[in-house]
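Asker: One structure, as structure tokens, below. Some questions next.
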Amino acid sequence: MNVQINSVLGFVFNLLVVFSLCGLPGYSQAQDYPNKPIKMIIPFSPGGASDLVGRILQTKFGDLLGQPLIIENKPGASGNIGMELAAKSAPDGYTLFLGNIGTMAINPALYPNIKVNPLRDFISLTEVVDVPSALVTTASFPPNTVAELVTYLKANPGKFNFASPGSGSANRLQAERFMGLTGTKLVHVPYKGGAGPAAVGMVGGETQMMFVTLSSAQEFIKSGRLKGLAITSPSRMPELPNVPTISEAGFKDLTGGSWQILAVPAGTPRDIVNKLYTATINTLMLPEVKEKLEKQGAIVVTSKSPEAAREFLSNETQRWGRVVKETGATPD
């Protein structure tokens, strides 16, 4: 008899636990998630590296979660406008933020009054891609190699401009480091909206030189509208086999490019974080997705866990904070 009573009491207790859990917002959200479209905020204009990556992920990511993924481009202030908007969004899993090296690691050091602390205000899900940069010039600019470029710039200090996708971009800091290493001087011209507008402006002759994400410059180089002098990857890229690496040109310290990372607002329930992490990894591992990204000059890179992604971001924030200090870079 006591055994039967204990069994009944145990069943009732377990039932009460289940009912109480179902009343918790986080529990019900995680069980039902997702039940409506998800938006991905990209803090740059269409056509740039972040936008290209986001749109390659878009369809397959939505298919895996059973809901559409809607991209919202929110450019401005070197990505700070879109980042702030994403950070202030409800932590319910329906807003993703595709951040990059500039917004997530450089801007906190470059802008003293920035309102967002990426390590505090976001949960990083995973790295997505690494994107090498290309050192490009206008097609009509006389130098044809990095060595010729250095000689030409030294003979004409301050007479030419270099473009960047914004004051807080890795490409801007790459150019600053290039000038420091070579003893050359160019005038900085930042563009709003990311690498796309900067590359288009260079094609139009507004500037003469730029470090730019390879995904944004690749088609311009192939078509001859921009001249590719070097790329910052460790080895030559299959899509541009005739363009040497920056290391081959004698500047090993400039090897490395940009990265992108997917994040959600801080406070997002752990079960939802796990679902989004798994969906992102599975999307990036699809052969057709990897192929499309690689054709754009991007290299798929994933984190072992959201915790590993956070550690990566923390290390990069410290690293680029030092670079900002060393170069003396300030917002233009």
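For the sequence shown, position 92 matches number 93 in our numbering, and the numbering has no gaps at all. Glycine residues also receive a C-beta, built at the ideal position from the N, C-alpha and C atoms. It should be emphasised that the depicted structure is a prediction, and the values quoted were computed from it without experimental measurement.
Should ALA164 and VAL190 be called a contact, given that it needs their Cβ atoms to be closer than 8 Å?
Answerer: Locating residue 164 in the sequence shown gives position 163, where the first residue counts as 1. Locating residue 190 in the sequence shown gives position 189, where the first residue counts as 1. Contact flag set, yes.
Asker: Go to LYS37, then tell me how far its alpha helix (DSSP H) extends in each direction, as first and last residue.
Answerer: Indexing the sequence shown from 1 puts residue 37 at position 36. LYS37 -> no alpha helix (DSSP H), and no H or E assigned at all.
Asker: Taking all protein chains shown into account, do 16 or more other C-beta atoms lie within 10 angstroms of the C-beta of ASN114, making it buried, or fewer, making it exposed?
Answerer: The residue given as residue 114 occupies position 113 in the sequence shown. By the neighbour-count rule (16 or more Cβ atoms within 10 Å), ASN114 is not buried but exposed.
Asker: For the stretch 239 to 258 and the stretch 79 to 89, state whether three or more C-beta atom pairs, one from each stretch, are separated by less than 8 Å.
Answerer: The way I'd put it, the stretch 239 to 258 doesn't touch the stretch 79 to 89; fewer than three beta-carbon pairs between them come closer than 8 Å.
Asker: Hey, how far is the Cα of GLY184 from the Cα of GLY159?
Answerer: Position 183 of the sequence shown holds residue 184. Position 158 of the sequence shown holds residue 159. Rounded to whole angstroms, GLY184 to GLY159 spans 11 Å at the Cα level.
Asker: Does the beta-carbon of GLN32 have 16 or more other beta-carbons within 10 angstroms, so that it is buried, or is it exposed?
Answerer: Translated into the one-based positions of the sequence shown, residue 32 becomes position 31. The residue is exposed, with fewer than 16 neighbouring Cβ atoms inside 10 Å.
Asker: If you count every other CB in all the chains shown that lies within 10 Å of the CB of THR281, and 16 or more means buried, which is it?
Answerer: In the sequence shown, residue 281 corresponds to position 280, counting from 1. The residue in question, THR281, is buried, as its Cβ has 16 or more Cβ neighbours within 10 Å.
Asker: What does the alpha-carbon distance come out to for the pair ASP64 and PRO35?
Answerer: Position 63 of the sequence shown, counting from 1, holds the residue named residue 64. Position 34 of the sequence shown, counting from 1, holds the residue named residue 35. Rounded to whole angstroms, ASP64 and PRO35 show a C-alpha spacing of 12 Å.
Asker: Locate the alpha helix (DSSP H) running through ASN172, then write down its first and last residues.
Answerer: Mapped onto the sequence shown, residue 172 falls at position 171. 171 to 183 is the span of the alpha helix (DSSP H), which, as asked, contains ASN172.
Asker: Express the C-alpha separation of GLY48 and ARG311 in angstroms, rounding to a whole number.
Answerer: To locate residue 311, count along the sequence shown from 1; it is residue 310. To locate residue 48, count along the sequence shown from 1; it is residue 47. So the alpha carbons of these two residues sit roughly 28 Å apart.
Asker: Could you say which of ASP122, LEU136, ARG173 lies nearest to GLY268 if we only look at CA atoms?
Answerer: Within the sequence shown, numbered from 1, the residue matching residue 268 stands at position 267. Looking at the Cα atoms, ASP122 is the closest of the given residues.
Asker: Under the DSSP definition of a beta bridge, which residues are partnered with MET210?
Answerer: Residue mapping note: residue 210 aligns to position 209 of the sequence shown, counting from 1. The partner list for MET210 (beta bridge, DSSP) reads THR138, PHE163.
Asker: Assuming PRO166 and GLY195 are in contact, meaning their beta carbons sit under 8 Å apart, how far apart are those beta carbons, in whole angstroms?
Answerer: Counted from its first residue, the sequence shown places residue 166 at position 165. Counted from its first residue, the sequence shown places residue 195 at position 194. In this structure PRO166 touches GLY195 by the C-beta definition: roughly 5 Å separates them, less than 8 Å.
Asker: When the distance is taken between beta carbons, is THR214 closer than 8 Å to SER259?
Answerer: What you label residue 259 is simply residue 258 of the sequence shown in a count that begins at 1. What you label residue 214 is simply residue 213 of the sequence shown in a count that begins at 1. Yes, they are a contact pair.
Asker: Once DSSP output is grouped into helix, strand and coil, what is the label at GLY27?
Answerer: On the sequence shown, residue 27 is found 26 positions in, with the first residue counted as 1. Note that GLY27 scores a pLDDT of 46, beneath 50, so its modelled location is shaky; the value from the coordinates is reported in the next line. Helix at GLY27.
Asker: Cutting at 7 Å between CB atoms, please list the residues of its own chain near GLU85, excluding the five before and the five after it.
Answerer: On the sequence shown, residue 85 is found 84 positions in, with the first residue counted as 1. Cβ neighbours of GLU85 beyond the five flanking positions: LYS116, VAL117.
Asker: What span of residues does the alpha helix (DSSP H) with GLU308 cover, start to end?
Answerer: Working through the sequence shown from its first residue, we reach residue 308 at position 307. First-last of the alpha helix (DSSP H) with GLU308: 307 to 328.
Asker: State the CB to CB distance for the pair ALA264 and ILE107, rounded to an integer number of angstroms; the pair is presumed to be in contact (CB under 8 Å).
Answerer: Along the sequence shown, one-based indexing puts residue 264 at 263. Along the sequence shown, one-based indexing puts residue 107 at 106. About 16 Å; that fails the 8 Å criterion.
Asker: Indicate the three-state DSSP secondary structure (helix, strand or coil) for PRO332 in the structure shown.
Answerer: Mapped onto the sequence shown, residue 332 falls at position 331. Coil at PRO332, not helix or strand.
Asker: Could you say if the stretch 66 to 85 and the stretch 126 to 145 meet the contact criterion of at least three C-beta pairs nearer than 8 Å?
Answerer: no
Asker: For PRO198, name the three-state secondary structure that DSSP assigns.
Answerer: Here the question's residue 198 lines up with position 197 in the sequence shown. Here PRO198 sits in helix by DSSP.
Asker: Which full runs of the alpha helix (DSSP H) of 4+ residues lie inside the stretch 91 to 159, going along the chain?
Answerer: Runs found: 108 to 111, 119 to 122, 147 to 156.
Asker: Any idea what DSSP makes of ASN243, helix, strand or coil?
Answerer: Start at 1 with the first residue of the sequence shown, and residue 243 comes out as number 242. Coil at ASN243, not helix or strand.
Asker: Round the Cβ separation of GLU128 and SER306 to the nearest angstrom and send it over; I've been treating them as touching at under 8 Å.
Answerer: Working through the sequence shown from its first residue, we reach residue 128 at position 127. Working through the sequence shown from its first residue, we reach residue 306 at position 305. That belief does not hold up - the Cβ atoms of GLU128 and SER306 are roughly 11 Å apart, past 8 Å.
Asker: Tell me the rounded alpha-carbon separation between PRO144 and SER134.
Answerer: Counted from its first residue, the sequence shown places residue 144 at position 143. Counted from its first residue, the sequence shown places residue 134 at position 133. Their Cα atoms are separated by approximately 19 Å.
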